[in-house]
């Protein structure tokens, strides 16, 4: 049978100049078995649908493929298997898988993908993950497919795909390879999205034990910090605390290059505040302000909000002098930035009055409260 496949391909090569017809057939050998194949998955190989349809007619004529409704086709499982063996014997497997991986990339950047196409993409990646060179060339691609798969096909199928690819990568390139680490991080995000926070934390902790400074792609990081924030907003403080700490690992605020993570540090500080860990909360917020200012990660209003938050923590600790100093600083900066009668500026002024009152400076506090009831008119140039 393998011989008849080769004869059919030789015949196609003899009569048709377009080599992409043969490549299309070869690539199909690495798609999911017993599943219809959408013609549009090959739009990265052919310029238009008409040429894809013509190629399908050629394959059908040579009994290598069968048409199914809707510009789809199938290649029998036995022909797929024989074709893969043929490519291995001819040492063409890596070449064809390289083209196939390129098609997967195209699929992710186009609007042509569908759940069926994504299933075939996962099959291609399982075959490609066996080869170390192909793994290196496609770092990050399994994770991108997984994120798209989670949206189109659901989390259960996606998690199963991640587990199977990680097993293959563990054998082909090892657990410390960048491709393996990258997908592990994506897996932790997907587990968190499914609500399996303990499992997500376990994956992150395992990742940090071997590579303490590793950080994932923006999409995965955003999912993780969003899930941590959800737990915090639901007052599930201990779960949120564990997830935040698993996300950060051994990294420090000063090592953060991603604003998403820097904002997560800020939320973490607020969580510490709500847990009564006031000193640590203040320290983290100070580091976030310093790092965010030095690297232009925050605007003026965000910085002032965090300074005000630190002052409020000082109030909780009855450290009124420290709180007063910060509230006055915030008020003056807001006055210059927003104007004296802006609601945020007036709120900062009220904070000063409240702290003065708590600290026994009732007369000065009273003057501030009166000025807020009867504000001076705003003048404009």
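Residue numbers (my numbering): 29 to 409.
For each residue, glycine too, the CB sits at the ideal point set by N, CA and C.
Quick one: measure Cβ to Cβ for residue i and residue j, integer angstroms, because I've assumed they're closer than 8 angstroms.
| i | j | result |
| --- | --- | --- |
| residue 127 | residue 115 | Incorrect: roughly 12 angstroms between the Cβ atoms, too far for contact. |
| residue 341 | residue 319 | At roughly 19 angstroms, the Cβ-Cβ gap does not stay under 8 angstroms, so residue 341 and residue 319 are not in contact. |
| residue 245 | residue 171 | 7 angstroms |
| residue 2 | residue 235 | Examination of residue 2 is not possible in this model, given that the chain is present from 29 through 409 alone. |
| residue 220 | residue 194 | Contact flag wrong, Cβ pair sits at about 17 angstroms. |
| residue 188 | residue 129 | With 8 angstroms as the limit, residue 188 and residue 129 do not qualify as a contact, their Cβ atoms being about 21 angstroms apart. |
| residue 48 | residue 74 | 6 angstroms |
| residue 201 | residue 160 | 5 angstroms |
| residue 451 | residue 374 | Past the boundaries of the shown model lies residue 451; the chain is included only from 29 to 409, so the question cannot be answered. |
Quick one: grab the DSSP three-state call for residue i.
| i | result |
| --- | --- |
| residue 145 | helix |
| residue 397 | helix |
| residue 94 | strand |
| residue 65 | strand |
| residue 99 | coil |
| residue 7 | An answer regarding residue 7 cannot be provided, because it is not within the stretch 29 to 409 covered by the chain. |
| residue 84 | helix |
| residue 385 | helix |
| residue 111 | helix |
| residue 170 | helix |
| residue 158 | coil |
| residue 43 | helix |
| residue 33 | helix |
| residue 285 | coil |
| residue 353 | helix |
| residue 133 | helix |
| residue 279 | coil |
| residue 262 | coil |
| residue 369 | coil |
| residue 305 | coil |
Expressed to the nearest angstrom, what Euclidean distance is found between the alpha-carbon atoms of residue i and residue j?
| i | j | result |
| --- | --- | --- |
| residue 181 | residue 143 | 6 angstroms |
| residue 59 | residue 154 | 10 angstroms |
| residue 230 | residue 258 | 19 angstroms |
| residue 298 | residue 378 | 22 angstroms |
| residue 310 | residue 339 | 9 angstroms |
| residue 314 | residue 218 | 32 angstroms |
| residue 261 | residue 122 | 49 angstroms |
| residue 205 | residue 72 | 29 angstroms |
| residue 327 | residue 334 | 11 angstroms |
| residue 396 | residue 271 | 43 angstroms |
| residue 407 | residue 279 | For residue 407, the predicted model reports a pLDDT of 45, less than 50, meaning its position is unreliable; a value from the coordinates is still stated below. In a straight line, the C-alpha of residue 407 is about 48 angstroms away from that of residue 279. |
| residue 199 | residue 150 | 18 angstroms |
| residue 355 | residue 283 | 29 angstroms |
| residue 312 | residue 369 | 31 angstroms |
| residue 414 | residue 308 | Nothing about residue 414 can be reported from this structure: the residues present for the chain run from 29 to 409 only. |
| residue 203 | residue 37 | 39 angstroms |
| residue 249 | residue 96 | 41 angstroms |
| residue 145 | residue 65 | 7 angstroms |
| residue 77 | residue 62 | 23 angstroms |
| residue 386 | residue 323 | 37 angstroms |
| residue 81 | residue 196 | 35 angstroms |
Compare the Cα-Cα distances from residue i to each of the options and report the closest residue.
| i | options | result |
| --- | --- | --- |
| residue 384 | 352, 196, 400 and 94 | 352 |
| residue 266 | 225, 248, 251 and 280 | 225 |
| residue 256 | 280, 84, 216 and 349 | 216 |
| residue 111 | 146, 160, 136 and 51 | 51 |
| residue 238 | 213, 134, 345 and 227 | 213 |
| residue 136 | 70, 119 and 390 | 70 |
| residue 273 | 290, 233 and 146 | 233 |
| residue 138 | 108, 95 and 176 | 176 |
| residue 304 | 332, 97, 322 and 343 | 343 |
| residue 108 | 350, 34, 324 and 387 | 34 |
| residue 39 | 86, 79 and 81 | 86 |
| residue 254 | 46, 401, 296 and 57 | 296 |
| residue 275 | 263, 358, 264 and 293 | 293 |
| residue 291 | 325, 99, 263 and 98 | 325 |
Can you tell me whether residue i is buried or exposed? The criterion is at least 16 other CB atoms within 10 Å of its CB, across all chains shown.
| i | result |
| --- | --- |
| residue 173 | buried |
| residue 88 | exposed |
| residue 394 | exposed |
| residue 8 | A query on residue 8 cannot be resolved here, the shown segment of the chain reaching from 29 to 409 and no further. |
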